[in-house]
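A.B. asks: Just add 55 to the spot in the sequence shown (first one is 1) and you have my numbering.
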Amino acid sequence: MNIQFMGIKSQEKKSGCSSCGSRRVSKYTFQREKRLVLPSGQARTFHAGEVYTMNERDGQFLLEQSYGSGKGSTMLFKEV
56 MNIQFMGIKS QEKKSGCSSC GSRRVSKYTF QREKRLVLPS GQARTFHAGE
106 VYTMNERDGQ FLLEQSYGSG KGSTMLFKEV
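1. May I ask you to report which of helix, strand or coil DSSP gives L91?
2. Contact defined as beta carbons within less than 8 angstroms: I believe I58 pairs with M109. What is the distance between those atoms, to the nearest angstrom?
3. Looking at F132 and F60, is the spacing between their C-beta atoms short of 8 angstroms?
4. For F101, which residues in the same chain have their Cβ closer than 6 angstroms to its Cβ, ignoring the five residues on either side in sequence?
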């Protein structure tokens, strides 16, 4: 099974100047890598846009990974 990591968009915690909000370029950051421990016991670092060949069990685990909640959840991985 071939899996591609899509990356993670998250809200930035820093806001710049507390009185005027200057120096804030964006409220969001894009995380380009993620380290996970797979059901097979293997720890891997995934990079955005890269395609990885996984066994069926690990691949299904990765396809279930998402962030956000409810209807607005976004998948971290897709099958290619």
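We treat Cβ as the ideally placed atom computed from N, Cα and C, and that holds for glycine.
C.D. replies: Reading off the structure:
1. strand
2. 5 angstroms
3. yes
4. F60, K89
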